[in-house]
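Everything below concerns the one structure shown next.
And the structure:
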């Protein structure tokens, strides 16, 4: 692992990053109240894609977050409710005044995850832009994935300069963002860590670019997560990552009230989410091999979290 700060390179070994990440996780306490470990809002879910918001939201709960809300299309709500009674589901994205409905809940959330299974309807994208602006006004951290990244290709100014943002593109999505933001040609196979950092710096956000090794760029800091993952590329793993990023970024900002770090807390949060997702995927693959599904990975998130970050002192 390495962190690049300006013209010099400071080596940060995986053990140090793991310790940083472990220190973000709030201890279980008999004095804690419901919601204190994380209230996360997920905006996404459409007729074709009901699993994506379920995986993102459920990951936050499997990690130890307390409450997960899903704001989705009416046509997706019943399926998502059926998947899990643990999720609070709001079928508002295509009904009435979705922005007012969501704004009413925003003050209660510690972070938002935008995009899993969202779809690309023009009206949905218009609502998404308003949600982002409303979240910025309240200084709520945001993770943007999937269709929210597609929206940014023509609307990246909406998050430009808002530092409490994590983008989680794969290499294809990263190449699109590079072309949109840097105004230069780029193909997915050509993306390097330096290209990721160039876009992150231009936008003033943190980017977690998924690949054989995941790249995290945040200002002058550049991290690589090479925790062993799996050989499976089943759909939905990115939704686990976005959910994990949402809870970790809340934990990271909450931790800064009592701790200081030599790296940006949001970069540590992104690295921790990457490591957790890759570890859970590896554990699932060890059991299921070619038959590994994202449901298998989700079920092993608690074991992966414990294995990486909750080891006895």
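Numbering (the numbering used here), first residue to last: 75 to 387. Glycine included, C-beta positions come from ideal geometry on N, C-alpha and C.
Its chain contains 354, 357 and 358 as the residues whose beta carbon lies nearer than 7 Å to that of residue 374, once the 5 sequence neighbours on both sides are disregarded; these appear in chain order. An exposed status is given to residue 261, since fewer than 16 other beta-carbon atoms sit within 10 Å of its beta-carbon. By the neighbour-count criterion, in which a residue is buried when 16 or more other Cβ atoms sit within 10 angstroms of its Cβ, residue 132 is buried.
Classified as exposed, residue 266 has fewer than 16 neighbouring CB atoms from the shown chains inside 10 Å of its CB. Between the segment 316-325 and the segment 124-142 there are three or more C-beta pairs closer than 8 Å, enough to call the two in contact. Residue 127 places its beta carbon less than 9 Å from that of residue 191. DSSP places residue 115 inside the beta strand (DSSP E), whose first and last residues are 113-117. Residue environment analysis places residue 256 among the exposed positions, since fewer than 16 neighbouring C-beta atoms fall within 10 angstroms of its C-beta. Exclusion of the five residues before and after residue 148 leaves 165, 168 and 169 as the residues of its chain whose Cβ lies within less than 7 Å of its Cβ. For residue 93, the closest of 361, 302, 351 and 346 by C-alpha to C-alpha distance is 346. Around residue 381, the same chain offers 353 as residues with beta carbons nearer than 7 Å, after the five sequence neighbours per side are excluded. Rounded to the nearest angstrom, the Cβ distance from residue 271 to residue 291 is 4 Å, consistent with a contact under 8 Å.
When DSSP states are grouped into helix, strand and coil, residue 238 belongs to the coil group. The residues 223 and 224, in chain order, have a CB closer than 8 Å to that of residue 247 in the same chain once the five nearest residues on each side in sequence are set aside.
For residue 269, the enclosing alpha helix (DSSP H) covers residues 267-277. For residue 313, the secondary structure class from DSSP, reduced to helix, strand or coil, is helix. Nearest C-alpha to residue 173 among 163, 145, 162 and 182: 145.
Partner residues in a beta bridge of residue 140, as assigned by DSSP, do not exist. Apart from sequence neighbours up to five positions away, the residues of its chain that approach residue 207 with a beta-carbon distance below 8 Å are 232, ordered along the chain. When only Cα atoms are considered, residue 153 and residue 369 end up about 15 Å apart.
Note on geometry: alpha-carbon atoms of residue 181 and residue 125 lie some 26 Å from one another. Under DSSP, residue 280 forms a beta bridge with 240 and 292. Here residue 376 carries a helix assignment [DSSP, helix/strand/coil]. A straight line joining the alpha-carbon of residue 210 with that of residue 89 spans about 34 Å. The bridge partners DSSP lists for residue 146 are 165.
With a cutoff of 9 Å on beta-carbon distance, residue 151 and residue 119 are scored as near each other.
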